[in-house]
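At position 140 of the sequence shown the residue is numbered 140 (the working numbering), and the sequence of numbers has no breaks.
All C-beta atoms, glycine included, are put in the ideal place defined by N, C-alpha and C.
Note that this is a predicted model, so its numbers are computed, not measured.
Working notes, structure below.
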Amino acid sequence: MDSVKPSALTSKKSRFARNVAKVLHLRAATGIAPVDGVQKVESQEEVKDDKHHRKTAAGRPQSFDIDEHRKSLPLEAFVAKLFASVSCVKAAYSQLQYAQSPYDADGIQAADQFVISELKNLTELKQCYIRKQFDPSPETALVLADVQEQKSLSKTYEIMGKKLESQLRLKESEIMNLREKDGGIY
(Lines of atoms letter the chains of each structure in order from A and count residues from 1; the text may use other names and numbers.)
(Lines give C-alpha, C1' and ligand atoms only; values in the text may rest on other atoms or scores of the structure.)
Protein backbone atom coordinates (compact mmCIF):
# COMPACT_ATOMS: atom_id res chain seq x y z
CA MET A 1 0.00 0.00 0.00
CA ASP A 2 1.36 3.41 -0.97
CA SER A 3 1.77 5.94 1.76
CA VAL A 4 0.81 9.55 1.19
CA LYS A 5 3.11 12.30 2.30
CA PRO A 6 1.30 14.57 4.76
CA SER A 7 2.85 17.67 3.21
CA ALA A 8 1.54 16.82 -0.28
CA LEU A 9 -1.94 16.18 1.08
CA THR A 10 -1.87 19.37 3.12
CA SER A 11 -0.77 21.48 0.15
CA LYS A 12 -3.62 20.08 -1.98
CA LYS A 13 -6.08 20.83 0.81
CA SER A 14 -4.78 24.33 1.32
CA ARG A 15 -4.78 24.98 -2.44
CA PHE A 16 -8.39 23.81 -2.65
CA ALA A 17 -9.31 25.92 0.37
CA ARG A 18 -7.69 28.98 -1.23
CA ASN A 19 -9.64 28.40 -4.45
CA VAL A 20 -12.92 28.05 -2.57
CA ALA A 21 -12.14 31.19 -0.57
CA LYS A 22 -11.38 33.09 -3.80
CA VAL A 23 -14.68 32.05 -5.34
CA LEU A 24 -16.66 32.93 -2.24
CA HIS A 25 -14.86 36.28 -1.97
CA LEU A 26 -15.52 36.96 -5.66
CA ARG A 27 -19.20 36.11 -5.25
CA ALA A 28 -19.50 38.47 -2.27
CA ALA A 29 -17.59 41.26 -4.03
CA THR A 30 -19.65 41.09 -7.23
CA GLY A 31 -22.97 40.91 -5.43
CA ILE A 32 -23.76 37.41 -6.70
CA ALA A 33 -23.98 36.14 -3.14
CA PRO A 34 -25.27 39.15 -1.22
CA VAL A 35 -24.19 39.56 2.37
CA ASP A 36 -27.07 39.41 4.89
CA GLY A 37 -29.58 39.06 2.05
CA VAL A 38 -29.08 42.65 0.91
CA GLN A 39 -27.68 43.10 -2.55
CA LYS A 40 -25.56 46.12 -3.31
CA VAL A 41 -27.38 48.28 -5.88
CA GLU A 42 -26.19 51.50 -7.47
CA SER A 43 -28.52 54.18 -8.71
CA GLN A 44 -28.73 54.79 -12.46
CA GLU A 45 -27.07 58.22 -12.07
CA GLU A 46 -24.04 56.69 -10.34
CA VAL A 47 -23.79 54.07 -13.06
CA LYS A 48 -23.87 56.70 -15.84
CA ASP A 49 -21.29 58.91 -14.10
CA ASP A 50 -18.98 56.02 -13.32
CA LYS A 51 -19.31 54.18 -16.62
CA HIS A 52 -16.07 55.34 -18.20
CA HIS A 53 -14.08 56.35 -15.12
CA ARG A 54 -14.54 53.33 -12.91
CA LYS A 55 -11.43 51.64 -11.60
CA THR A 56 -10.89 48.97 -8.99
CA ALA A 57 -9.05 49.46 -5.71
CA ALA A 58 -5.84 48.20 -7.32
CA GLY A 59 -6.12 50.80 -10.08
CA ARG A 60 -6.94 48.33 -12.86
CA PRO A 61 -9.76 49.07 -15.27
CA GLN A 62 -13.10 47.35 -14.70
CA SER A 63 -12.78 45.36 -17.93
CA PHE A 64 -9.88 43.48 -16.33
CA ASP A 65 -12.16 42.48 -13.46
CA ILE A 66 -14.80 41.29 -15.92
CA ASP A 67 -12.23 39.12 -17.69
CA GLU A 68 -11.09 37.80 -14.33
CA HIS A 69 -14.71 37.08 -13.43
CA ARG A 70 -15.24 35.18 -16.69
CA LYS A 71 -12.17 33.09 -15.97
CA SER A 72 -13.37 32.26 -12.47
CA LEU A 73 -16.93 31.44 -13.54
CA PRO A 74 -16.14 27.77 -14.33
CA LEU A 75 -14.58 27.38 -10.89
CA GLU A 76 -17.63 29.00 -9.33
CA ALA A 77 -19.85 26.54 -11.21
CA PHE A 78 -17.69 23.70 -9.94
CA VAL A 79 -18.05 24.87 -6.35
CA ALA A 80 -21.82 25.14 -6.83
CA LYS A 81 -21.86 21.57 -8.13
CA LEU A 82 -19.78 20.51 -5.14
CA PHE A 83 -22.22 22.05 -2.67
CA ALA A 84 -25.17 20.53 -4.52
CA SER A 85 -23.51 17.12 -4.42
CA VAL A 86 -22.85 17.45 -0.69
CA SER A 87 -26.52 18.35 -0.20
CA CYS A 88 -27.45 15.18 -2.11
CA VAL A 89 -25.22 13.10 0.16
CA LYS A 90 -26.89 14.72 3.17
CA ALA A 91 -30.35 13.89 1.78
CA ALA A 92 -29.29 10.31 1.04
CA TYR A 93 -27.92 9.91 4.55
CA SER A 94 -31.14 11.30 6.05
CA GLN A 95 -33.08 8.79 3.96
CA LEU A 96 -30.82 6.01 5.29
CA GLN A 97 -31.39 7.12 8.88
CA TYR A 98 -35.15 7.29 8.36
CA ALA A 99 -35.23 3.75 6.96
CA GLN A 100 -33.42 2.47 10.04
CA SER A 101 -35.78 3.84 12.72
CA PRO A 102 -38.54 1.31 12.12
CA TYR A 103 -36.35 -1.26 10.38
CA ASP A 104 -37.09 -1.32 6.64
CA ALA A 105 -34.67 -3.62 4.80
CA ASP A 106 -35.71 -2.49 1.31
CA GLY A 107 -35.61 1.17 2.31
CA ILE A 108 -32.17 0.73 3.85
CA GLN A 109 -30.83 -0.96 0.73
CA ALA A 110 -32.29 1.73 -1.57
CA ALA A 111 -30.94 4.51 0.63
CA ASP A 112 -27.56 2.81 0.80
CA GLN A 113 -27.39 2.67 -3.00
CA PHE A 114 -28.37 6.34 -3.11
CA VAL A 115 -25.56 7.25 -0.68
CA ILE A 116 -23.07 5.21 -2.72
CA SER A 117 -24.12 6.85 -6.00
CA GLU A 118 -23.82 10.32 -4.50
CA LEU A 119 -20.37 9.53 -3.09
CA LYS A 120 -19.38 8.36 -6.57
CA ASN A 121 -20.60 11.70 -7.94
CA LEU A 122 -18.39 13.47 -5.41
CA THR A 123 -15.45 11.33 -6.50
CA GLU A 124 -16.11 12.26 -10.14
CA LEU A 125 -16.19 15.93 -9.19
CA LYS A 126 -12.87 15.50 -7.41
CA GLN A 127 -11.36 13.91 -10.51
CA CYS A 128 -12.69 16.72 -12.70
CA TYR A 129 -11.11 19.26 -10.36
CA ILE A 130 -7.78 17.44 -10.37
CA ARG A 131 -7.77 17.27 -14.18
CA LYS A 132 -9.08 20.85 -14.42
CA GLN A 133 -12.05 19.67 -16.51
CA PHE A 134 -14.68 22.29 -15.83
CA ASP A 135 -18.10 22.59 -17.40
CA PRO A 136 -18.02 24.36 -20.80
CA SER A 137 -21.20 26.31 -19.98
CA PRO A 138 -20.77 27.50 -16.39
CA GLU A 139 -23.94 29.63 -16.34
CA THR A 140 -26.10 26.57 -17.07
CA ALA A 141 -24.11 24.49 -14.59
CA LEU A 142 -24.70 27.11 -11.88
CA VAL A 143 -28.45 27.03 -12.42
CA LEU A 144 -28.58 23.23 -12.55
CA ALA A 145 -26.49 22.93 -9.41
CA ASP A 146 -28.80 25.35 -7.62
CA VAL A 147 -31.85 23.33 -8.69
CA GLN A 148 -30.19 20.09 -7.59
CA GLU A 149 -29.28 21.59 -4.22
CA GLN A 150 -32.84 22.87 -3.68
CA LYS A 151 -34.27 19.43 -4.53
CA SER A 152 -31.91 17.78 -2.09
CA LEU A 153 -32.78 20.24 0.63
CA SER A 154 -36.50 19.73 0.08
CA LYS A 155 -36.00 15.95 0.21
CA THR A 156 -34.04 16.31 3.45
CA TYR A 157 -36.80 18.44 4.97
CA GLU A 158 -39.44 15.99 3.77
CA ILE A 159 -37.61 13.13 5.48
CA MET A 160 -37.18 15.20 8.64
CA GLY A 161 -40.92 15.94 8.57
CA LYS A 162 -41.74 12.24 8.28
CA LYS A 163 -39.38 11.47 11.14
CA LEU A 164 -41.00 14.13 13.33
CA GLU A 165 -44.47 12.82 12.46
CA SER A 166 -43.34 9.34 13.44
CA GLN A 167 -42.00 10.61 16.76
CA LEU A 168 -45.25 12.49 17.34
CA ARG A 169 -47.30 9.33 16.77
CA LEU A 170 -45.01 7.45 19.16
CA LYS A 171 -45.42 10.09 21.88
CA GLU A 172 -49.20 10.14 21.38
CA SER A 173 -49.36 6.35 21.76
CA GLU A 174 -47.23 6.58 24.92
CA ILE A 175 -49.65 9.18 26.31
CA MET A 176 -52.63 6.94 25.50
CA ASN A 177 -50.93 3.96 27.18
CA LEU A 178 -50.17 6.02 30.30
CA ARG A 179 -53.77 7.26 30.44
CA GLU A 180 -55.09 3.70 30.20
CA LYS A 181 -52.61 2.61 32.84
CA ASP A 182 -53.72 5.37 35.22
CA GLY A 183 -57.29 4.18 34.91
CA GLY A 184 -58.80 7.10 33.09
CA ILE A 185 -58.06 9.88 35.60
CA TYR A 186 -58.03 12.43 32.79
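Which of helix, strand or coil DSSP assigns to residue i
{"i": "Ser152", "result": "helix"}
{"i": "Asp104", "result": "coil"}
{"i": "Gly161", "result": "helix"}
{"i": "Ser166", "result": "helix"}
{"i": "Ser72", "result": "helix"}
{"i": "Ser137", "result": "coil"}
Nearest candidate by alpha-carbon position, reference residue i, set the options
{"i": "Ser72", "options": "Gly107, Val89, Gln109, Pro138", "result": "Pro138"}
{"i": "Leu125", "options": "Asn177, Phe83, Pro102", "result": "Phe83"}
{"i": "Leu119", "options": "Glu172, Cys128, Ala92, Ala105", "result": "Ala92"}
{"i": "Ser117", "options": "Pro102, Val86, Phe78", "result": "Val86"}
{"i": "Ala215", "options": "Ala105, Tyr103, Leu75, Ile108", "result": "The structure shown does not extend to residue 215, since the chain is modelled only from 1 to 186, so the question has no answer here."}
8 angstroms Cβ shell around residue i - same chain, five flanking residues per side excluded
{"i": "Ala80", "result": "Ala141, Leu142, Ala145, Asp146, Glu149"}
{"i": "Lys90", "result": "Ser152, Thr156"}
{"i": "Ser101", "result": "Lys163, Ser166"}
Where the alpha helix (DSSP H) through residue i begins and ends
{"i": "Gln133", "result": "That residue, Gln133, is in no alpha helix (DSSP H); it is neither H nor E in DSSP."}
Own chain residues within Cβ distance below 6 angstroms of residue i, not counting five before or after
{"i": "Phe78", "result": "Phe134"}
Between the stretch 155-163 and the stretch 86-99, do at least 3 Cβ pairs fall closer than 8 angstroms? Yes: at least three Cβ pairs fall under 8 angstroms.
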